[in-house]
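In the UniProt record's numbering, the protein residues as written are 1 to 1118.
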């Protein structure tokens, strides 16, 4: 509604859409990311808060007049003061005598007997035969002129009954539903003050309340007034009275109204709730992108119910009187506001493509509608506050309740509901994965081009906005409630009456009753608080007694007479903070254990339920669709939005990767480690308009949120998936040489570690740009020589250095300081071998988990160099038979040398191209066996070996040839992954009988066995080292892809390119899709040794083919 009011200033009624870099949107985006990634924690915390706030209302309504019981079910109740100028005539007068003993000891027999004496001095010695009187003719015709209501009626006003009662408290609890002589129920709330309950049973009370009622035309009231003057001298000579001497002079006239809901009002409420239910059902029909619409309904009901109950708790703490309006009306406001916010968030999530990761969809949706939801909530709070200042007091209390409920609903929306949506979308994605693995295809429903206007309205296709519906319905509903209180006041209603602007209306219910008596002694309850505690049933019974059949009663209430018995100790009453401390102490003693049990049980139940809901599908997905196991090769098919082949792929150490297709489309695949599945984000429509094709180089950071593109116009564009846009500053590529470093790194800065984007070309030019300050990229020339290779490596002391190999075979290190790279070591001509040993591109990597800063440098030459990163000196070299590529070295398990305790390897393998076409040669170095048969072999020492050390030069070499390796990738986990065409075994020589059978059945064979598709000719494999155990897995797309995907597939001639993901997996481009291959965990030392001995014995490659139903392969021919 606020956007409509701002139309003259803004020129549009559409809500503002914050920019990607606006700090408010960023805050909501981060909240969405954190909540989606830690959804279980957010859900459990919100559930715990909801249960904790609901517990007092649901379980601690020990006072029978508190909690839900204090709110009428189907009647309107009011209590307002009446001025003398209005000329209202009182129907009945009420006087009270409060009898106090010692603190919380009003139910002791001495106090009861003293109160009985006071009562008898006022009304006479009346004894009742029973506490269950018959409804006589006088009561039916309202001919009684006076009566009284007293706790002593529990014992029939008999001193003998009090003395003979063995358990006074038990008698009160047993007789709490009995009736007095006036046919008014003897509820403890109406005859006792300052009560303490335990499990809805009375435990103690602080005062006895004697209530005297008489009709105005009867003169018995003045007689009671005279008798109160004489109490000090007769019935209670040593008592303390307030007001002194029983002088009761102050009184106020109040009008009490108890009006049942009319048939028209019931129909109106039923119609309102029915329209809301119809709107929800019709809106849920079009929510196809969620797993369970029934689950969303249950979630909405749970959230709204929790908000309502928690609001009752806060209203009780703030002493807000909610007994004016029936219970049926309270949920409506929360339903209107809550459902509006829920559907706003759901529609925002549906606006983002399903290919986007779940946490990003939720984060972006929350960034879009979160500020709008907060603004709407603030708008509703202002409207409710304004309405509370002009409506009647009862409706003002309802506005206060609605304000509190709105705050709770917004809190649970941003925590509980977001977490549930995250779970529901993930379950839908898992269900789709299972459906694809089962090859389940569904027929698409065709939507008619033209439908009815109502159908278009339900699907949001008409130019009609419902953004102001919630505020409009809220305002209308509250004004309708306020209309009720003036409906019977005048026949002709005016606008000022509708808005509650009646001159001289009461300010608050019974506020002036508080000023009647301020007792000098400590009291646990004031008269005003006591009268507010009286429920509407007691008021209705008194009204039925005085004016049978009427709905309103005008009563004159006199200031109560406070009597403190002689010898009473009133020092135990807690005051101020002591009262709060006492309440907390009582809660801890009596309710902490059940409170803790309820909270823990509900939280544990929700945790188990979420675990069950996700485990059911996740287990099937892991068994059927993902096709991975702990001890075997795993293949995962990632369908991408590319229409043509993938030509570039870049990855991050966390398993994410980015691909570019020949059709100039870009996709980012994010790996969810909790569910071991990928979410694909198609960026083509967002980045293509700013990029100049073709893309020469690309990179992504570890989280997959920031991407960099080197375009054909030599501009480097940095894209933020968080902001869904490019950074303001683009980078000019420094020269015409290809990059050797094109990556994101965290480097030290003056304000702490910052996120930098780095470029280092083979021409020696570098660019450093801090992503938090994109306006000042730093460009520098590190050298005039050509750069053969470089890498930013994190050393053991947690510092990062840049290692560069120049064209003169020199290794140089640089340290990042003050935004630029500075040399940290002098140029040492002896640090590298002669230039002829280095050729082509150079790869520099750190030997991980070695406990020392060791570098491994490889190039196109048949040499591997192990270099000390601290001194840049060569420790040892490893020659190979053939030339090796920078990524063809496979390192074994890290260990320590048994002789010199230096860094060592269990084994090392070099993968080289064989002189024989389409063959891969694996050269494995292992330690030389010792002379003792039972002694384990030594490790391969990487430093200058001593006599007892086994060096790389003296190690045993085992050579294995792998035919048809296809496209392969070496992993740090000492394994080799690849995709190749399945070798075709030669057909066996047929026997004469077999040949005859084949001739007879050749017709059937032709008709029933078609030729295999191209996917059946490909297989994934892993080669474990050093055992050389081969595992294969056929790629079959039919089990994973549906018919629509197969029609869009491409013909595969050669897989690739590839990118490493982590120590066990790599991504292989396969047409316009990607296959993620995962190697099994490394085998134990015993199994590796057994395979090693077998290889040494000349057994060659041990082939352990493991054939299972595949998860899908490349694309079929089109």
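Glycine included, C-beta positions come from ideal geometry on N, C-alpha and C.
Query raised in the report: Does DSSP put residue 30 in a helix, in a strand, or in coil?
Result: Within the chain shown, the letter at position 30 stands for residue 30. In the structure shown, residue 30 sits in a helix (DSSP, three-state: H, G or I).
Requested in this report: Would you mind listing the beta strand (DSSP E) stretches within the segment 761 to 845 that are 3+ residues and don't spill past its ends, in chain order?
Outcome: 765 to 770, 778 to 781, 787 to 794, 800 to 806, 811 to 817, 820 to 823
Query raised in the report: Any idea what DSSP makes of residue 941, helix, strand or coil?
Result: In the chain shown, counting from the first residue as 1, residue 941 sits at position 941. If DSSP states are grouped into helix, strand and coil, residue 941 belongs with the strands.
Query raised in the report: Looking at C-beta atoms only, is the number of pairs between the segment 558 to 566 and the segment 95 to 110 that lie closer than 8 Å three or more?
Result: yes
Requested in this report: With DSSP as the reference, label residue 654 as helix, strand or coil.
Outcome: Walking along the chain shown from the start, residue 654 turns up at place 654. Coil at residue 654, not helix or strand.
Query raised in the report: What is the residue span of the beta strand (DSSP E) that residue 672 lies within?
Result: Looking up residue 672 in the chain shown gives position 672. Taken as a continuous stretch (DSSP letters only), the beta strand (DSSP E) holding residue 672 covers 666 to 672.
Query raised in the report: Based on Cα-Cα distance, which residue from 302, 91, 268, 401 lies nearest to residue 51?
Result: For the purposes of this step, residue 51 is taken as residue 51 along the chain shown, with counting starting at 1. Residue 51 has its Cα closest to that of 302, out of 302, 91, 268, 401.
Query raised in the report: When you compare each of 770, 746, 914, 341 to residue 799 by their alpha carbons, which one comes out closest?
Result: For the purposes of this step, residue 799 is identified with residue 799 of the chain shown, where counting begins at 1. Closest option to residue 799, Cα to Cα, is 746.
**Report entry** Helix, strand or coil at residue 463 [DSSP, three-state]
**Finding:** Locating residue 463 in the chain shown gives position 463, counting from the first residue. With a pLDDT of 37 at residue 463, under the threshold of 50, the modelled position of that residue is not reliable, and no figure is offered here.
Requested in this report: Can you give me the Cβ contacts of residue 1150 inside the same chain, cut-off strictly under 6 Å, excluding the 5 residues immediately before and after it?
Outcome: Residue 1150 falls outside the range modelled here, since the chain spans only 1 to 1118, and no answer is possible.
**Report entry** Proximity of residue 776 and residue 735 at Cβ, strictly below 8 Å
**Finding:** Reading the chain shown from its first residue, position 776 is the one you call residue 776. Reading the chain shown from its first residue, position 735 is the one you call residue 735. Cβ distance not < 8 Å, so residue 776 and residue 735 don't count as in contact.
Query raised in the report: At what residues does the alpha helix (DSSP H) containing residue 1144 begin and finish?
Result: Given a span of 1 to 1118 for the chain in the structure shown, any question on residue 1144 remains unanswerable.
Requested in this report: Tell me, please, which residues DSSP counts as bridged to residue 896.
Outcome: Locating residue 896 in the chain shown gives position 896, where the first residue counts as 1. DSSP lists 903 as partners of residue 896.
Query raised in the report: Which same chain residues, not among the five before or five after residue 792, have their C-beta less than 6 Å away from its C-beta?
Result: The count along the chain shown starts at 1 and reaches residue 792 at position 792. Cβ within range, chain order: 745, 800, 802.
Query raised in the report: Where does residue 20 fall in DSSP's three states?
Result: The residue you call residue 20 lines up with position 20 of the chain shown. Here residue 20 sits in coil by DSSP.
Query raised in the report: At what residues does the beta strand (DSSP E) containing residue 684 begin and finish?
Result: For this step, residue 684 is matched to residue 684 along the chain shown. Here residue 684 belongs to no beta strand (DSSP E); instead the alpha helix (DSSP H) covers 684 to 687.
Query raised in the report: Are the CB atoms of residue 704 and residue 656 nearer to each other than 8 Å?
Result: Translated into the one-based positions of the chain shown, residue 704 becomes position 704. Translated into the one-based positions of the chain shown, residue 656 becomes position 656. It is a contact, given that the beta carbons lie within the stated cut-off.
Query raised in the report: Can the beta-carbon of residue 921 be found closer than 8 Å to that of residue 909?
Result: Here the question's residue 921 lines up with position 921 in the chain shown. Here the question's residue 909 lines up with position 909 in the chain shown. In this structure, residue 909 does not lie closer than 8 Å to residue 921 by Cβ.
Query raised in the report: Can you tell me whether DSSP reads residue 1071 as helix, strand or coil?
Result: Position 1071 of the chain shown, counted from the first residue, corresponds to residue 1071. Residue 1071: coil per DSSP, three-state reduction.
Query raised in the report: What do you reckon, are the CB atoms on residue 970 and residue 962 nearer than 8 Å?
Result: Numbered from 1 along the chain shown, position 970 holds the residue referred to as residue 970. Numbered from 1 along the chain shown, position 962 holds the residue referred to as residue 962. Result no, Cβ atoms of residue 970 and residue 962 do not sit closer than 8 Å.
Query raised in the report: Do the segment 395 to 411 and the segment 308 to 317 touch if we need at least three Cβ pairs shorter than 8 Å?
Result: yes
Query raised in the report: Where does residue 164 sit, in a helix, a strand or coil, going by DSSP?
Result: As a working mapping, residue 164 is identified with position 164 in the chain shown. DSSP places residue 164 in coil when its eight states are reduced to three.
Query raised in the report: Are residue 714 and residue 690 touching if we call contact CB-CB under 8 Å?
Result: Position 714 of the chain shown, counted from the first residue, corresponds to residue 714. Position 690 of the chain shown, counted from the first residue, corresponds to residue 690. No.
Query raised in the report: What is the C-beta distance between residue 739 and residue 697, in whole angstroms, given that I count them as a contact (C-beta under 8 Å)?
Result: Position 739 of the chain shown, counting from 1, holds the residue named residue 739. Position 697 of the chain shown, counting from 1, holds the residue named residue 697. The Cβ separation is near 6 Å, so the contact holds.
Query raised in the report: Looking only at C-alpha atoms, which of 364, 320, 353, 373 sits nearest to residue 338?
Result: Position 338 of the chain shown, counted from the first residue, corresponds to residue 338. That would be 373, whose Cα lies nearest to the Cα of residue 338.
Requested in this report: Go through its chain and collect everything with a Cβ distance to residue 882's Cβ below 8 Å, but skip five positions before and after it.
Outcome: If you number the chain shown from 1, residue 882 lands on position 882. Cβ neighbours of residue 882 beyond the five flanking positions: 862, 912, 913, 914, 915, 921.
Query - C-alpha gap between residue 19 and residue 419, whole angstroms - result: The residue labelled residue 19 in the question sits at position 19 within the chain shown. The residue labelled residue 419 in the question sits at position 419 within the chain shown. Cα to Cα, the separation comes out at about 25 Å.
**Report entry** Start-to-end residues for the beta strand (DSSP E) that takes in residue 856
**Finding:** If you number the chain shown from 1, residue 856 lands on position 856. Counting along the chain, the beta strand (DSSP E) containing residue 856 begins and ends at 854 to 858.
Requested in this report: For residue 42, collect the residues of the same chain with a Cβ closer than 6 Å to its Cβ; drop the 5 residues on either side in sequence, then sort them by chain order.
Outcome: Along the chain shown, one-based indexing puts residue 42 at 42. The residues are 35, 415, 419.
**Report entry** Presumed contact (8 Å Cβ cut-off) between residue 699 and residue 708, rounded CB distance
**Finding:** Along the chain shown, read from residue 1 onward, the residue named residue 699 stands at position 699. Along the chain shown, read from residue 1 onward, the residue named residue 708 stands at position 708. Confirmed, Cβ separation roughly 5 Å.
Report task. My understanding is that residue 91 touches residue 216, with C-beta atoms under 8 Å, so please give their C-beta distance in whole angstroms. Result -> The sequence position of residue 91 within the chain shown is 91, counting from 1. The sequence position of residue 216 within the chain shown is 216, counting from 1. Yes, they are in contact, since the Cβ atoms of residue 91 and residue 216 sit about 7 Å apart, within 8 Å.
Query raised in the report: Under the DSSP definition of a beta bridge, which residues are partnered with residue 975?
Result: Taking the first residue of the chain shown as position 1, residue 975 is located at position 975. Residue 975 is bridged to 971, 1024.
Query raised in the report: What are the boundary residues of the beta strand (DSSP E) that includes residue 552?
Result: On the chain shown, position 552 is the one that residue 552 refers to. Where residue 552 is concerned, the enclosing beta strand (DSSP E) stretches over 552 to 558.
Query - Inter-residue Cα distance where the pair is residue 599 and residue 56 - result: On the chain shown, residue 599 is found 599 positions in, with the first residue counted as 1. On the chain shown, residue 56 is found 56 positions in, with the first residue counted as 1. Taking the straight line joining both Cα atoms gives about 12 Å.
**Report entry** Distance between residue 425 and residue 340 (C-alpha atoms, nearest Å)
**Finding:** On the chain shown, position 340 is the one that residue 340 refers to. On the chain shown, position 425 is the one that residue 425 refers to. Spanning the two alpha carbons is a distance of roughly 20 Å.
Requested in this report: Within its chain, find whatever has a CB closer than 6 Å to the CB of residue 538; leave out the 5 residues flanking it on each side and keep chain order.
Outcome: Taking the chain shown and counting its residues from 1, one reaches residue 538 at position 538. Counting only Cβ-Cβ distances below 6 Å, and skipping sequence neighbours, we find 190.
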